[in-house]
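Protein chains in written order, with this note's numbering: chain A, 1 to 265; chain B, 1001 to 1348; chain C, 2001 to 2272.
For glycine and all other residues, C-beta sits at the position ideal for the given N, C-alpha and C.
This one's a predicted model, so the numbers in the text were calculated from it and none came from an experiment.
To start, the structure under review is shown below, and the notes come after it.
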Amino acid sequence: MLVHSRGTKWAVWALFLVLFLPLFALPLLVVLGASFATHWSSILPSGPTTAHYSAATRGEALQALTTSLVTALAASLIALTVGTWAALAAAALPKRVRRLLDALFVLPVAVPSVVVGLAILVAFSQPPILLNGTRWIVIAAHTVLVTAFAYQSVSAAIVRLDPAYEQAAASLGARPGYVLWRVKLPLLLPSLTAAAGLCFALSMGELSATMMLYPPDWTPLPVLIYAATDRGSLFAGSALAVVLMTATLLVLLAVSRIRTKASYR
Amino acid sequence: MGIRFDAVTVAYDGNVVLDSLDLAVQAGEVMALLGPSGSGKTTALRAVAGFVRPSAGRVFLGERDVTDLPPYRRGIGMVVQQYALFPHLRVEDNVAFGLKARKVAKTEIRARVAEALEMTGMAAYARRHPRELSGGQQQRVAVARALAIRPDVLLLDEPLSALDARLRSDMLAELARLHRELPDVSILYVTHDQVEALTLADRIAVMDKARLQACGTPRELYRAPANAFTASFVGNANLLPVTVGADGVAFAGAELKVDTAGAARGSKATLCVRPHLVGLGDGPNRLQGTVSEIQWRGSTHRLYVDVDGHRVMADVPELRTPPAHGDEVTLHFAPRDASLLTAGITHG
Amino acid sequence: MVRRLLWALPPVVLLVLFFLYPLLLVVQQSLQPDTGDTSLQPYADVFASGAFREALWTTVWLAPAATAGCLVLGFFLALVIAFVPFRGARAVAKFIDVFLSFPSFLITLALLFIYGTVGMANGMWTDVTGAAEGPFQFLTTPWGVLLAEITYFTPFVMRPLLAAFSHLDTAQLEAASSLGARAPRIVRQVILPEALPALAADGSLVLVLCLNEFGIVLFTGAKGVTTLPMLVYGKAILESDYPGACVVAVVNVVISVGLYGLYRVVSRRAGA
Chain A
1 MLVHSRGTKW
11 AVWALFLVLF
21 LPLFALPLLV
31 VLGASFATHW
41 SSILPSGPTT
51 AHYSAATRGE
61 ALQALTTSLV
71 TALAASLIAL
81 TVGTWAALAA
91 AALPKRVRRL
101 LDALFVLPVA
111 VPSVVVGLAI
121 LVAFSQPPIL
131 LNGTRWIVIA
141 AHTVLVTAFA
151 YQSVSAAIVR
161 LDPAYEQAAA
171 SLGARPGYVL
181 WRVKLPLLLP
191 SLTAAAGLCF
201 ALSMGELSAT
211 MMLYPPDWTP
221 LPVLIYAATD
231 RGSLFAGSAL
241 AVVLMTATLL
251 VLLAVSRIRT
261 KASYR
Chain B
1001 MGIRFDAVTV
1011 AYDGNVVLDS
1021 LDLAVQAGEV
1031 MALLGPSGSG
1041 KTTALRAVAG
1051 FVRPSAGRVF
1061 LGERDVTDLP
1071 PYRRGIGMVV
1081 QQYALFPHLR
1091 VEDNVAFGLK
1101 ARKVAKTEIR
1111 ARVAEALEMT
1121 GMAAYARRHP
1131 RELSGGQQQR
1141 VAVARALAIR
1151 PDVLLLDEPL
1161 SALDARLRSD
1171 MLAELARLHR
1181 ELPDVSILYV
1191 THDQVEALTL
1201 ADRIAVMDKA
1211 RLQACGTPRE
1221 LYRAPANAFT
1231 ASFVGNANLL
1241 PVTVGADGVA
1251 FAGAELKVDT
1261 AGAARGSKAT
1271 LCVRPHLVGL
1281 GDGPNRLQGT
1291 VSEIQWRGST
1301 HRLYVDVDGH
1311 RVMADVPELR
1321 TPPAHGDEVT
1331 LHFAPRDASL
1341 LTAGITHG
Chain C
2001 MVRRLLWALP
2011 PVVLLVLFFL
2021 YPLLLVVQQS
2031 LQPDTGDTSL
2041 QPYADVFASG
2051 AFREALWTTV
2061 WLAPAATAGC
2071 LVLGFFLALV
2081 IAFVPFRGAR
2091 AVAKFIDVFL
2101 SFPSFLITLA
2111 LLFIYGTVGM
2121 ANGMWTDVTG
2131 AAEGPFQFLT
2141 TPWGVLLAEI
2151 TYFTPFVMRP
2161 LLAAFSHLDT
2171 AQLEAASSLG
2181 ARAPRIVRQV
2191 ILPEALPALA
2201 ADGSLVLVLC
2211 LNEFGIVLFT
2221 GAKGVTTLPM
2231 LVYGKAILES
2241 DYPGACVVAV
2251 VNVVISVGLY
2261 GLYRVVSRRA
2271 GA
């Protein structure tokens, strides 16, 4: 509809492919290819093997995957609860106070994750709350980082929600709590699951703050991937990365299933 | 239970959207709030529902002052233009919503949902979701949902404006039937459509510019409008600027015989004549002019006639040989078909 | 009103406890090293060090450059997907969504295979020319980081843009082209104004994310590229110099929040 001449169209598409393939498709394919190889210094990888995968689904690696999954699940659920609560509370407040809350809850995005990690390390290595050396410090940091995204996407959804539903419910005699539980939350459900998926994916791949705080017995998968590549095991690292991506995608797929169901109702 | 507005004023940031409204709806009465958009009619309805807080004045339901009550404590049924059916609930759960919120017993809920759906002819659709229904069906469910809580007061906010013309007249008949079946329910009906108001209402409150302009039965407002705005908004009207004489008025150099009771001799006034009461040809109260426009409307012809610079409309039964553009014609009307407006001399 | 404020209290308390209070402690530590009295000495020390100044400069030029690259590339790619659609354009849009859910360091990992010293590109070069070394040695320089950041963050621009484009009425485009406007003119006068708010918002997000990016830089494993977040990590974890780390952290936060704020003001002025 924008370009009508056939030649121009093809030229535009060619340029698109030339930019898109090497920049976006190639990296993922390369990681996938490398995870099945032992050697790669020409156009194609060589030395096909699945050994990296058997290593990546056992022992330390399996534990790291579980660690990542538990951390991401906990962080995204807490972040979703806190973020939704804050967004709902903010929506009921006058514009000025709401602006302030918006800024406050978006701040963790603007602050570098490494600094969030450092701050939490500094704060919880000393009384009154001692979390350093426990898994809770990792979960706390992840939660802080993803709450901002949960808050933002839920507030955007609340703004889009037609107030007529709420008012219809109130006119039928429903108290605010009942309206929230029976009308607002069900209507927000698709956005809530989308926000949960986003938080989960972010937490699964979180490296910056984690590097600052993880205790030896709570090593998430990204840290393990870094350790592998740092000691030169790029191929083993790729297999771990593929495991990380697959796990993330599987969970996101499950979440989007829930979402389609929720939005169909 | 009646509704009473006692000097209700609503203002946002100093912008008055409803100016000191005094109005009483009797128990079992259908009151239409008729006016153009921005006239304050919806604000008045929302003040009754509790979604708008008056900056001054009180709202009463029966003897109870509800001004400070939250919406969910008012017990009012409400239907809005876009229906606002809960998309995630089935029809039956939409209708049961208010009953569940009030913790009515389960068996009772089932009976009352069935009754409300029966009354609106939607019993066969109980298991559907709102998006599987047509606009008219959604409308009926919205009415059923409002009626299920057995309100004493029903608020209808432009309930038919999202429907097409045919469906609208069907639903209008349907609402009239519902009101006959529920004679004790007071209905406040907000609309900008005079046909809806004339058809359904026991009384009409005409609103404009945040103020109540007139209130009366449809017949009163139509036959003897209190001011020019009411005359032009309730039905069509020719509004002619006249000077009051001894036993008639002067208009465009002609003497017209009309009832001038209450008007001071020599004063300026507005004469209101409905177009369908204007006839073509000679008779009492003649007006002469040239045809500026002629429209064929099936069973009638609408003539626009220029009488000394003033446009006069006449709706006459379909003519075999209608006059042509530019023809000289004579119009007439009976003295009792005209009413003299002495207040609000604005021609528009 | 008071009740509503009370409802907002629990999440705010949590945010204060787990975010603001820790940040405050970082500021406090940066001003109060172990001796206990407040002084600006740690700042003077850090500002005097060459490593810090280099990291500061790298961070400050890299992030806007990467942001500009992402905006240009993302706008073009989204434009093609939305308005010069081809078979599979929807799949590409889906792929972009998936891409967004992966961590940033994957890109560096992949680039190591492609442009690394013994990677694909250099391997092919040495195979073909018989040279001892390939020509692609940029990966451990800021240019490698720039490439990785543009790759990783471009989808962050594309997705909101695609959403904005889907709201654009195609009738507008048809009207414009029926009036004789050619593609570049339509892009400039119809599409760009419509996309400007989305571009501005994405730009600010990507700018901040680039300023704060850590994984990409960490994975290049290069000593040659140090950004502020890397310096924070290095000082705190590798050197156990917490006061120094806190100083760099404060500077990093000030720059990030400051540039973010400046960007918002400028883009709002520009009418976006």
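Asked, Found
"Closer than 9 Å by beta-carbon distance: list the chain C residues that pair up with A/L62, in chain order.", "Going along chain C, no residue has its Cβ under 9 Å from A/L62, so there is no contact; the nearest lies around 19 Å."
"Between the segment 1060-1078 of chain B and chain A, which residues of the former have CB atoms less than 9 Å from a CB of the latter, in chain order?", "P1070, P1071, Y1072, R1073, R1074, G1075, I1076, G1077, M1078"
"What is the DSSP secondary structure of C/R2053, counted as helix, strand or coil?", "helix"
"Counting only beta-carbon separations shorter than 8 Å, does B/F1233 have a partner in chain A?", "no"
"Report yes if the CB atom of B/V1190 is closer than 8 Å to the CB atom of B/T1321, and no otherwise.", "no"
"What are the uninterrupted segments assigned as alpha helix (DSSP H) that are 4 or more residues long and contained completely in the segment 2041-2114 of chain C, given in chain order?", "2041-2048, 2050-2083, 2089-2100"
"Since B/A1126 meets chain A, which of its residues come closer than 8 Å, beta carbon to beta carbon?", "Chain A residues near B/A1126: none, gap ~16 Å exceeds 8 Å."
"State yes or no: is the beta carbon of A/T193 nearer than 8 Å to at least one beta carbon in chain C?", "no"
"Evaluate B/N1227 with the Cβ neighbour count: other Cβ atoms within 10 Å of its Cβ, from every protein chain shown; 16 or more gives buried, anything less gives exposed.", "buried"
"Restricting to runs no shorter than 4 residues, where is the alpha helix (DSSP H) found entirely within the segment 2162-2212 of chain C?", "2170-2178, 2183-2186, 2192-2212"
"Leaving out the 5 sequence neighbours to the left and right, which residues in its chain are closer than 6 Å to A/P215 when beta-carbon positions are compared?", "G133"
"Taking only beta-carbon atoms, is A/R259 less than 8 Å away from chain C?", "no"
"If we count the other Cβ atoms within 10 Å of its Cβ and call it buried at 16 or more, is C/M2001 buried or exposed?", "exposed"
"Leaving out the 5 sequence neighbours to the left and right, which residues in its chain are closer than 7 Å to A/A79 when beta-carbon positions are compared?", "T143, V146, T147, A150, C199"
"Using DSSP with H/G/I as helix, E/B as strand and the rest coil, what is B/G1344?", "Only weak support is given to the placement of B/G1344: the predicted model assigns it a pLDDT of 49, under 50, and the question is left unresolved by the model."
"Is A/V12 close to chain C, meaning its C-beta is less than 8 Å from at least one C-beta of that chain?", "yes"
"Evaluate contact between the segment 2009-2025 of chain C and the segment 1313-1330 of chain B, counting only Cβ atoms and requiring at least three cross-stretch pairs below 8 Å.", "no"
"Provide the residue(s) that pair with B/I1187 in DSSP beta bridges, ordered along the chain.", "B/V1030, B/L1154"
"Would you mind working out which of B/R1177, B/G1038, B/V1329 sits nearest B/Y1304, comparing C-alpha positions?", "B/V1329"
"Relative to the alpha-carbon of A/A89, which residue among C/E2239, C/L2005, C/P2197 has its alpha-carbon at the smallest distance?", "C/L2005"
"DSSP state of B/W1296, grouped into three classes?", "strand"
"Taking just the CA atoms, how far does A/V116 sit from C/R2188?", "41 Å"
"In this structure, how does DSSP classify A/I129 when only helix, strand and coil are distinguished?", "coil"
"Would you check if there are 3 or more beta carbon pairs closer than 8 Å linking the segment 1090-1098 of chain B to the segment 1125-1144 of chain B?", "yes"
"Within 10 angstroms of its Cβ, does B/R1219 collect 16 or more other Cβ (buried), or is it exposed?", "exposed"
"Using a C-beta cutoff of 8 Å, does C/Q2029 count as contacting chain A?", "yes"
"Output yes or no for whether 8 Å exceeds the beta carbon distance between B/A1252 and B/R1265.", "no"
"With 7 Å as the limit, tell me which residues of the segment 68-91 of chain A have their beta carbon closer than that to any beta carbon of chain C; keep them in chain order.", "V82, W85, A86, A89, A90"
"Would you kindly report the start and end of the unbroken beta strand (DSSP E) that includes B/E1328?", "1328-1332"
"Check the Cβ-Cβ distances between A/L172 and every residue of chain D, and say whether any is below 8 Å.", "In summary, chain D is missing from the structure at hand, where the protein chains are A, B and C."
"For the segment 2070-2091 of chain C, enumerate the residues whose C-beta is nearer than 9 Å to any C-beta of chain A, in chain order.", "L2073, F2076, L2077, L2079, V2080, I2081, A2082, F2083, V2084, P2085, F2086"
"Across which residues does DSSP place B/N1238 in a beta bridge pair?", "B/V1273"
"Under a CB-based cut-off of 8 Å, is B/Q1082 close to chain A?", "yes"
"What would DSSP say about B/A1338, mapped onto helix, strand or coil?", "strand"
"Can you tell me which residues form a DSSP beta bridge with B/M1078?", "B/L1155"
"Could you tell me if the beta carbon of A/V111 falls within a distance shorter than 7 Å of some heavy atom in the ligand GTP?", "Summarising the ligand content, the structure contains no ligands, and the ligand GTP is consequently not present."
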